[in-house]
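Down below is the structure, laid out as structure tokens.
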Amino acid sequence: MDRSIEGVRVETSSPAIGIAVIGAGYWGPNLVRNAQQTPGLRLEYLCDLDVDRAKKVLGDYSTVRVSGSLDEVLADPAVSAVAIATPAATHYGVALKALEAGKHVLVEKPLAPTYEEGRLLVEAAERHQRVLMLDHTYVYTPPVRHIRELVRGGELGDLQYLDSVRINLGLVQPDVDVLWDLAPHDLSIFDAILPDDVQPVSVAAHGSDPVGAGHACVAHLTIRLSNDALAHVHVNWLSPTKIRTVVVGGSSRTVVWDDLNPVQKLSVHDRGVDRADPTGLDADARGRTAVSYRTGDTVAPALPNHEALRSVMVEFAAAIGEDRAPLTDGWSGLRVLAMLEAASISLQKDGMSVPIRQVDVTGMKAATTEIATDASRRGRGEVTV
Ligand SMILES: NC(=O)c1ccc[n+]([C@@H]2O[C@H](COP(=O)([O-])OP(=O)(O)OC[C@H]3O[C@@H](n4cnc5c(N)ncnc54)[C@H](O)[C@@H]3O)[C@@H](O)[C@H]2O)c1
471 MDRSIEGVRV ETSSPAIGIA VIGAGYWGPN LVRNAQQTPG LRLEYLCDLD
521 VDRAKKVLGD YSTVRVSGSL DEVLADPAVS AVAIATPAAT HYGVALKALE
571 AGKHVLVEKP LAPTYEEGRL LVEAAERHQR VLMLDHTYVY TPPVRHIREL
621 VRGGELGDLQ YLDSVRINLG LVQPDVDVLW DLAPHDLSIF DAILPDDVQP
671 VSVAAHGSDP VGAGHACVAH LTIRLSNDAL AHVHVNWLSP TKIRTVVVGG
721 SSRTVVWDDL NPVQKLSVHD RGVDRADPTG LDADARGRTA VSYRTGDTVA
771 PALPNHEALR SVMVEFAAAI GEDRAPLTDG WSGLRVLAML EAASISLQKD
821 GMSVPIRQVD VTGMKAATTE IATDASRRGR GEVTV
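Each residue of the sequence shown is one higher than the one before, counting from 471 in the working numbering.
Here you go:
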């Protein structure tokens, strides 16, 4: 049976996958709700060290079991998969235990507190042949899906720059700086949209702590890409104005995503700067006319409207059912960690350019499966956005 939920089509003929959500804090309830609304999944447990908190999330009439013990959940054969929404510092320990117990793992960003621990998780997933997926939520939003198609399909031309701004009056986190709290979103978006032949090479990061929080509350990252383009990220917990924009400039088109615009989130501009054609110009005129300006149409693509986290859950179920890598697999988490770690080193060295570790997996991106868009590739679930 196929069911269509907010633009996400899910096939429910296969037996449902028993899943446990670990962590019932701020984000966990979103995983609970979406796991319950994804027909390919059956929520078995909500697990939190704070059992009362988990009970409150489920309410009085839920048949989902509550547990305060990860070991109890992992020992239950009814559980084939876990979705982890515990604090970032605990991801490594919880995810490793789950993989070693033979469970498929969906883990919140960032994959682990260090690249090395992230690598061990990816290795464990491969060793146990289990799906390891990152909840890089923004990658599953319709605008990012569309930008990915535009960039990777060549419609923007040669990539010239990327610019991502994520600023707000945010919760100043006690344990991580703004870079590790917010930039995983921007970096995972970059990771998803960059063409296979363009890699982040080095990063220079500047940060400041004007309120004395003990770590950076404002950070700017400048990443040099292998095609010499620049990618910039501005993350900030202190801004009274909320801005969430991504601009991707190419030689043919520029795409602008304004996530807070309720009417027109995405616009594709045929406007930009071209190199002028010097033919027929004398030397003097050539010097004065190095560039010309293109003022073509701006198009606002129609985008489906559905919750990204639903697509995350559907993709997790599909990857398990089809025994394939999800779009945001463990390697994508590792690439994001490589950028974060290099940025942290640069931050400590006052903006020094730091090389970004290359995650060396042959054919890794190519192997990263696109979410199925045609019925022939349908397994346990599919996204039809
Ligand atoms: N994808 C997104 O957009 C997004 C948004 C917000 C948070 N997050 C991520 O979600 C994760 C959780 O963040 P949060 O703000 O919900 O944190 P939180 O502190 O509000 O909640 C974490 C919960 O995990 C529980 N917990 C801790 N260790 C545990 C363990 N070993 N076993 C069981 N339960 C345990 C805590 O008791 C707490 O209830 C973080 O990794 C964060 O980065 C992602």
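By construction, the Cβ of each residue, glycine as well, lies at the ideal position given by its N, Cα and C atoms. From a predicted model like this one, the values you see are computed outputs, not experimental measurements.
Inset, instruction - Work out the CA separation of Ala689 and Pro710 for me, nearest whole Å. - result: When rounded, the distance between both Cα atoms is 16 Å.
Inset, instruction - Would you please state the rounded distance, in angstroms, between the beta carbons of Val717 and Val738? I believe it to be under 8 Å. - result: Actually they are not in contact, since the Cβ atoms of Val717 and Val738 sit about 11 Å apart, beyond 8 Å.
Legend entry - Inter-residue spacing [alpha-carbon to alpha-carbon] between Gly495 and Leu641: 14 Å
Inset, instruction - Would you list the residues sitting across from Leu629 in a DSSP beta bridge? - result: According to DSSP, Leu629 shares a beta bridge with Gly720.
Legend entry - Val769 (DSSP reduced to helix, strand or coil): DSSP places Val769 in the strand class (E or B) of the three-state scheme.
Legend entry - For Asp740 and His598, the rounded distance between their alpha carbons: 48 Å
Legend entry - Residues passing the C-beta test against ligand 1 heavy atoms, cut-off 6 Å: Each of Ile492, Gly493, Ala494, Gly495, Tyr496, Trp497, Gly498, Cys517, Asp518, Leu519, Asp520, Arg523, Leu540, Ala555, Thr556, Pro557, Ala558, Thr560, Val564, Glu578, Lys579, Asp605, Thr607 has a C-beta closer than 6 Å to some heavy atom of ligand 1; these make up the full list, in chain order.
Legend entry - Through-space distance from Ala551 to His702, alpha-carbon basis: Roughly 36 Å separates the two Cα atoms.
Inset, instruction - Starting from Leu797, trace the alpha helix (DSSP H) both ways and give me its first and last residue. - result: Counting along the chain, Leu797 sits inside no alpha helix (DSSP H), nor does DSSP assign it H or E at all.
Legend entry - Rounded straight-line distance, which links the Cα of Leu751 to that of Ala653: 47 Å
Legend entry - Under the three-state DSSP convention, the category Lys712 falls into: strand
Inset, instruction - Could you name the residues that DSSP lists as bridge partners for Val726? - result: Val717, Ser737
Inset, instruction - Taking 9 Å as the cut-off, decide whether the C-beta atoms of Gly720 and Leu626 are in contact. - result: yes
Inset, instruction - May I ask which residues mark the beginning and end of the alpha helix (DSSP H) holding Asp656? - result: 648 to 663
Inset, instruction - Write down every uninterrupted run of the alpha helix (DSSP H) in the region 541 to 583 whose length is 4 residues or greater and which is fully enclosed by it, in chain order. - result: 561 to 570
Legend entry - Integer Cβ distance of Val564 from Ile489, believed to fall under 8 Å: Rounded to the nearest angstrom, the Cβ distance from Val564 to Ile489 is 14 Å, too far for a contact under 8 Å.
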